[in-house]
Amino acid sequence: MDIFLQACVNGLLMGGFYSLMGMGQNVIFGVMKIVNFCHGEMLMVGMYLTYMLNQVFGMDPYLCVPFVAIIMFGLGALIQHTLITPSLGTKSFTNLLFLTVGLGLLLSNGALVIFGSAYRTIPTSYARTNISLGMVNIPLPRLISFLVLIVISIALFIFLKKSTTGKQIRAVSQNPVGAEVVGINTKKIYVLTYGIGTALAGIAGSLLTGFYTIYPTAGASFGFRALIVVVVGGLGSIPGAFFAGIFLGLLETMVALFVSPSYSDLIVFVTFIVILVVRQLIILRRK
Amino acid sequence: MKKLIAFLGVLAMLLTMVSGISFAEGDTIKIGTIYAMSGGNAAIGENILRGINFAVDEINAKGGVNGKMLEIVQGDHAGDPQTGKSEAERLINQEHVDVIMGCHMSVVTDVVAQVCTINQVPMITAISTLDMLSNADHEAYEYFFRLCPLNSVYVRDMLQYLKDASEQTGEEIKKIAIFTDRAAIGQELIRCVELFKDEFGFDLVATVDYSSNATDLSAQVLALKQADPDAILCDSYIGDATLFVQTLTAQNYIPKMIVAKANGFTDPAFITNLGAAANGVASVVEFNPDLINGKEINEEFKAKYGVNMNGHSAESYTVVWLFKTALEAAGTTDGTAVRDAIAALEIDGEFPGGRKIILPYDKIKFENYDLAGEPHYRDNTSASVAIAQVQDGEWKTVWPFSFTDTQILYPAPLK
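Protein chains in written order, with my numbering: chain U, 3 to 289; chain L, 6 to 420.
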């Protein structure tokens, strides 16, 4: 029983990261209808930014989060403005696919050149502090990360629902032409959303450094899981992505516990395909 | 006319080749080395070359071999078997090397060994550990010898360590578990443990794997915790090795013994990244600076190159001494005579006119034998690895007991 509870907690803590990644991806997809294939690499950039802030200024990794978020937002906005917005005009999916894939390769190889292939960690005094709650054990860094990302998810949700800019973002996502007609500057919204998406990935990266190793290809497996989250949670849906991320984290640990860790990836991907097929069938029937 | 020129050209080439052969008996003895000196594995090649150069300088300073100086002729296989093959042919046909050592990757070694056997040039590999290099398919590679232990011997020694450890810890190991990468390295570990576990009377209670660069290993750690083994054997790349040890403490599970098959666990970043949490983790090593017979040479080596001798440099160093001893026994550089001399070599404790064997075993002899029911040819049957354990943030040799004075830290504190 205690192993089961522990696995639940582990799944939940990990799932939070998948959620955050998926939500970032979904903000971008919802507005621009493009899949951001360098989302994982943005997470990696966030990790290295945190690492540098820690090395240069001796900042605690969690204290770095707001700074990383701001820098990543700027980076995302710049990329959107100079590279993606011009490509959007071409209406070519392949063009954007190659652009974001290429950006991802550029970022991970850039990190390789600058930082080398070494696996780095940021040691903290509380890295090995565990909090015991009856039968389960929660590592402190993971708990802090989880709490921070819950706060950020809620903030994002409220921002999109209530604020004027959030409403504009939703308007563009529902009908870009209509939004432009009523006077919303869609290009500005594009820059804003890509910035937010990148910042979310950067935050996830920053939060991971408390207990994960930093290396140039660290983003790949998270980027891939973000895609699963987006597809399972519904393209463009923020709450969908949130719950799908938690679901994915729990599914991974539960399969590992009840079947075998060897099959955890396999079953996750099979579930992913099953969900895709079933949803397709439902949509067809409705038509 | 063109035909005549072509004919003359071929004639000229033949003449240079023939004259080349007649001048092959020069005033130096040439050792050809084939390692990756460029590309992703260049750093490994550099360590190997340090060991080789160290031995050559030492031997030449004492007057060389049979009155001739040793000379290194470098080849570069850049990690590619085809390049390895052409480099071997170049070294043999153009540079007229007398013996060859190499390579770093077993697949390249395989091809080069073939070229050496065809050209009757003796070859010893210092570091190629893949079992198949000496199996029945390679029986005919008569000019090829292997100094280092085989992959499966690495694992057999890990199990032997677990068995012997009870002498110091007072607790018998019965249940073992495997934690490893799902990729080839993991499959190899699982295969080898299956091969020997019954011989040692161990019960394999869990085999837990993951895919490389895992995002999370807590499920794996819980599976190990549930199986509750007395010792965990692992093989992982550095990222996963770090995450594994971190996850162990995060999940409040401190296994009594962790023995790794080197790889990520012996990466310098492992201790740097984990700090005190690495204390107690043990791993296979081919050489460690605190080995009883290695201390002295490591001091000199460090003074010269500014880095510690590692397994690759120590094994390559030893191969140069083997060539020296065999060349002296043969009294000539004739390929067949030298091959026979290598086959007849028997180094007991120390090299004639040289140091003690600096590796964690005290005998070198190339023999044909059976390993786990499979015939193997021309391997150094006494080869074994040492086990080192992280103690106070440093790798300390703890096994074989006769090669160290450090005691095993038990149970592993991981803090």
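Each residue gets a CB set at the ideal place from its N, CA and C atoms; glycine is no exception.
CA-to-CA distance, S264/U to G225/U, given in whole angstroms
21 Å
To the nearest angstrom, how far is the alpha carbon of G60/U from that of S165/U?
35 Å
Which bits of chain U does N52/L rub up against, with CB to CB less than 9 Å?
Those within 9 Å of N52/L in chain U number zero; the least Cβ separation is about 17 Å.
Among the residues of its own chain, which have a CB less than 8 Å from the CB of G398/L, if the five just before and after it don't count?
I276, G280, A281, A283 and N284
Where are the alpha helix (DSSP H) runs, 4 residues long or more, that stay fully inside the stretch 74 to 145 of chain L, in chain order?
86 to 98 and 111 to 123
Would you mind working out which of G37/L, K420/L, A47/L and S43/L sits nearest N58/L, comparing C-alpha positions?
G37/L
Alpha carbon to alpha carbon, how far is V343/L from L135/L?
25 Å
Quick check on I5/U - is its C-beta less than 9 Å from some C-beta in chain L?
yes
Answer with buried or exposed for E254/U, where buried requires no fewer than 16 other C-beta atoms within 10 angstroms of its C-beta.
buried
Span of the beta strand (DSSP E), counted from its first residue to its last, around C239/L
A236 to D240
Using three-state DSSP, classify R187/L as helix, strand or coil.
coil
If the cut is a Cβ gap below 8 Å, which residues of chain L does M16/U touch?
T220, D221 and S223
Collapsed DSSP secondary structure at I263/L in the structure displayed:
strand
Taking 9 Å as the CB-CB limit, is D267/U close to chain L?
yes
Three-way DSSP call (helix, strand, coil) for L152/L in this model
coil
Is any beta-carbon of chain L found at less than 9 Å from that of N56/U?
no
Let's see if you can read the secondary structure: which residues bound the alpha helix (DSSP H) around F226/U?
G221 to G235
Which ranges would you report for the beta strand (DSSP E) in the stretch 137 to 193 of chain U if only whole runs of at least 3 residues count?
138 to 141
Suppose the cutoff is 6 Å on Cβ atoms and the five residues either side in sequence are ignored; what does the same chain contact list for A29/L look like?
Bear in mind that a pLDDT of 44 at A29/L, under 50, signals an unreliable position, so the model cannot answer this.
Label T92/U either buried or exposed according to how many other C-beta atoms from any shown protein chain fall within 10 Å of its C-beta, with 16 as the threshold for buried.
exposed
Within chain L, partners of S264/U - CB distance below 9 Å:
R187, T212, V213, D214 and Y215
Cβ-Cβ separation, V67/U to V150/U (assumed contact under 8 Å), whole Å:
7 Å
My output table needs one value for Y382/L: the three-state DSSP class, helix, strand or coil.
strand
Using a Cβ cut-off of 9 Å (strictly closer), state whether F224/U contacts chain L.
yes
Report yes if the C-beta distance between S223/L and N12/U is below 9 Å; otherwise report no.
yes
At the level of alpha carbons, what is the spacing between A141/L and L96/L?
27 Å
When the Cα atoms are used, what is the spatial distance from L310/U to L105/U?
Because residue 310/U is not part of the residues shown, which for chain U are 3 to 289, the question remains open.
Check whether the Cβ of A41/L lies closer than 9 Å to any Cβ atom in chain U.
no
Three-way DSSP call (helix, strand, coil) for Q8/U in this model:
helix
Do A417/L and I263/L have their C-beta atoms closer together than 9 Å?
yes
Candidates H317/L, F292/L and N257/L: which alpha carbon is nearest L135/U's?
N257/L
Which class does F117/U belong to by DSSP, given the choice of helix, strand or coil?
helix
Mind listing which residues of the stretch 184 to 214 of chain U have their C-beta closer than 8 Å to chain L's C-betas, in chain order?
F213 and Y214
Looking only at C-alpha atoms, which of K300/L, A308/L, H317/L and E172/L sits nearest to A267/L?
H317/L
In the DSSP assignment, find the beta strand (DSSP E) that holds Q396/L and state where it starts and stops.
A391 to Q396
Determine, using beta carbons only, whether Q192/L comes closer than 9 Å to chain U.
no
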